[in-house]
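Novice: Quick one: structure below, then a few questions.
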């Protein structure tokens, strides 16, 4: 009479203590203790609806977002800081020169686009300008941060996707009578600097009409 040798699984089952072998981590209830509910799918639909709502809100924030203002004290030890410049001058780009000069006398010519400043011909529109009084009535730092935080809400990015752009947009026109000066400047923190936008001058063989010298900035 031949006896089959027990398999490895049977040997492992035999080595397990009896109390542990009878332990059931997921006990099954008899059918007599269970009852079906008529509204068993309402909770599932509610969870799916909330999940879909949160997903739409996250997608809207990722696609559109909102301007966020954050101010902090500069604790670094660097000697330079970056400043953004964006303005429009009512003069041809070929007639103006851009340079930066600090109190020490150091001067940096910025007319070259490789130095961070671009000069693009645009249409000069006074309607995009703001008065000096409007700058004095601007929001303080605390008001700007509070307004940015209060503007956040559920679906705020989706409901305001067609609002006015945060920054004005200019259409580039090479032969336009206006010039947009934009870019980034690395200036010294200690010695204050002045940004100069000047004409080419009347000497040095620069021949052009004086009527084209008309300094108005937006």
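In UniProt numbering, the protein residues as written are 1 to 218.
Note that the Cβ used here is the ideal one computed from N, Cα and C, for glycine as well.
#1: Alpha carbon to alpha carbon, what distance is there between residue 98 and residue 198?
#2: Where does residue 57 fall in DSSP's three states?
#3: How would you label residue 179, buried or exposed, when you count the other beta carbons within 10 angstroms and need 16 or more for buried?
#4: Thinking just about the alpha-carbon of each residue, which of 101, 187 and 123 is nearest to the one in residue 176?
#5: Out of 181, 143, 185 and 190, which has the shortest C-alpha to C-alpha gap to residue 70?
#6: Taking residue 100 and residue 187 to be in contact with their CB atoms under 8 Å, please state how far apart those CB atoms are, rounded to whole angstroms.
#7: Reducing DSSP to helix, strand and coil, say where residue 63 ends up.
#8: Starting from the Cα of residue 105, find the closest Cα among 52, 193 and 95 and give me that residue.
#9: Using the C-alpha atoms, what's the distance from residue 16 back to residue 22?
#10: So what does DSSP say about residue 14, is it helix, strand or coil?
#11: Does DSSP classify residue 163 as helix, strand or coil?
Specialist: Considering the structure as presented:
#1: If you number the chain shown from 1, residue 198 lands on position 198. If you number the chain shown from 1, residue 98 lands on position 98. For residue 198 and residue 98, the gap between their C-alpha atoms comes out near 7 Å.
#2: Stepping through the chain shown from its first residue, residue 57 is reached at position 57. It is helical.
#3: In the chain shown, counting from the first residue as 1, residue 179 sits at position 179. Around the CB of residue 179, 16 or more other CB atoms lie within 10 Å, so the residue is classed as buried.
#4: By 1-based counting over the chain shown, the position of residue 176 is 176. Selected option, being the one with the closest Cα: 123.
#5: Along the chain shown, read from residue 1 onward, the residue named residue 70 stands at position 70. Ranking the options by Cα distance to residue 70, first place goes to 143.
#6: Position 100 of the chain shown, counting from 1, holds the residue named residue 100. Position 187 of the chain shown, counting from 1, holds the residue named residue 187. Correct: roughly 7 Å between the Cβ atoms.
#7: As a working mapping, residue 63 is identified with position 63 in the chain shown. Of the three classes helix, strand and coil, the one that applies to residue 63 here is helix, per DSSP.
#8: What you label residue 105 is simply residue 105 of the chain shown in a count that begins at 1. Comparing Cα-Cα distances from residue 105 to each of 52, 193 and 95, the minimum goes to 193.
#9: Numbered from its first residue, the chain shown carries residue 22 at position 22. Numbered from its first residue, the chain shown carries residue 16 at position 16. Approximately 10 Å between the Cα atoms of the pair.
#10: Counted from its first residue, the chain shown places residue 14 at position 14. Residue state for residue 14 is assigned as helix, using DSSP reduced to three classes.
#11: One-based indexing of the chain shown puts residue 163 at position 163. Below a pLDDT of 50, predicted positions are generally treated as unreliable, and residue 163, at 45, falls in that range; the measurement from the model is reported next regardless. Collapsing the DSSP output to three states places residue 163 in coil.
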